[in-house]
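Comments concern the structure below.
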Amino acid sequence: MFKNILAAIGIVSLVVVGVCAVKMQSVMQRLNTFDEKAVDIYIDFAKKLYASASAVDAMVVKVKVEEGVSEKDLDVSILSIANELNIKNVGELPLSKQVEAMSGKDYRYVKIYLLCDAMTAASMLNYNDAFSSFLPCRISVVEDASGQLWIYTLNMDLMIYGGQPIPPALKAEAISVRDTLNEIMQRAAQGDF
Numbered sequence: 001m002f003k004n005i006l007a008a009i010g011i012v013s014l015v016v017v018g019v020c021a022v023k024m025q026s027v028m029q030r031l032n033t034f035d036e037k038a039v040d041i042y043i044d045f046a047k048k049l050y051a052s053a054s055a056v057d058a059m060v061v062k063v064k065v066e067e068g069v070s071e072k073d074l075d076v077s078i079l080s081i082a083n084e085l086n087i088k089n090v091g092e093l094p095l096s097k098q099v100e101a102m103s104g105k106d107y108r109y110v111k112i113y114l115l116c117d118a119m120t121a122a123s124m125l126n127y128n129d130a131f132s133s134f135l136p137c138r139i140s141v142v143e144d145a146s147g148q149l150w151i152y153t154l155n156m157d158l159m160i161y162g163g164q165p166i167p168p169a170l171k172a173e174a175i176s177v178r179d180t181l182n183e184i185m186q187r188a189a190q191g192d193f
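Residue numbers for the sequence shown, in the UniProt record's numbering: 1 to 193.
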């Protein structure tokens with residue numbers, strides 16, 4: 001009787017292993033169609049997710065603003081650097097002012113800048129309409145609860161490398177936009193104009 005139970009457990013185990021192997025093979029075949037950097041991008045995302053316990057924190061790039069750089073400095077800096085780097089300012093959302101107007105109470109500083117390279121945006125849309133959810137690019141300036149200013153943007157690496165390779169020309173354009181946003185953030189955080 002005991003041998004029969006062990007034999008049954010063995011057979012069930014072999015079936016489970018076989019099913020898992022077949023399923024894993026299809027997963028591996030699918031992953032092999034992804035961009036060569038996809039696994040590294042998802043590992044980095046998973047590390048950030050584990051460290052912060054927040055999917056939102058894992059999806060952004062965040063830069064601390066240096067002491068002495070004011071909201072006004074950031075405003076001038078972001079707009080002038082964007083202009084210098086030829087990415088168009090297509091809108092600004094002074095969220096804290098809107099919250100104050102609606103609530104009648106002071107609110108910490110939050111301003112969102114909408115930036116766009118129209119030709120890159122068109123290339124993205126020509127490839128996949130879902131890219132519209134990334135448009136226009138956003139840079140946010142946020143004052144945290146302690147009064148420290150931070151600059152945020154979405155981590156575009158998930159979009160660039162996270163799935164099947166995008167066409168080389170589109171990838172180059174997307175990397176250029178990502179690098180432009182990162183340069184704006186880094187320079188603005190230091191008070192550069």
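Every residue, glycine too, gets a C-beta built ideally from N, C-alpha and C.
query                                                                                                        : result
Simplified DSSP assignment, three categories, for Val177                                                     : helix
Thr153, buried or exposed, once every other Cβ within 10 Å from all chains shown has been counted against 16 : buried
Where residue 273 sits in the DSSP three-state scheme                                                        : What the structure shows of the chain is the stretch from 1 to 193, and residue 273 is not part of that stretch, so it cannot be assessed.
Tyr127, enclosing alpha helix (DSSP H) - first and last residue                                              : 118 to 127
Residue closest to Ile160, alpha-carbon to alpha-carbon, out of Val65, Gly104, Ala8, Ile41                   : Ile41
Short Cβ contact (8 Å threshold) for Ala172 with Val69                                                       : no
Per DSSP, the bridge partner or partners of Lys64                                                            : Trp150
Backbone CA spacing between Glu66 and Leu74 [nearest angstrom]                                               : 11 Å
Pairwise C-alpha distance: Leu93 and Asn83                                                                   : 18 Å
Through-space distance from Gly18 to Ile9, alpha-carbon basis                                                : 14 Å
Proximity to Arg30 [Cα-Cα], best of Ala53, Met124, Gln164, Ile87                                             : Gln164
Val60 and Tyr109 closer than 8 Å at C-beta                                                                   : no
Cβ pair residue 265, Ser77 closer than 8 Å                                                                   : In the structure as shown, the chain starts at 1 and stops at 193, and residue 265 therefore has no counterpart that could be examined.
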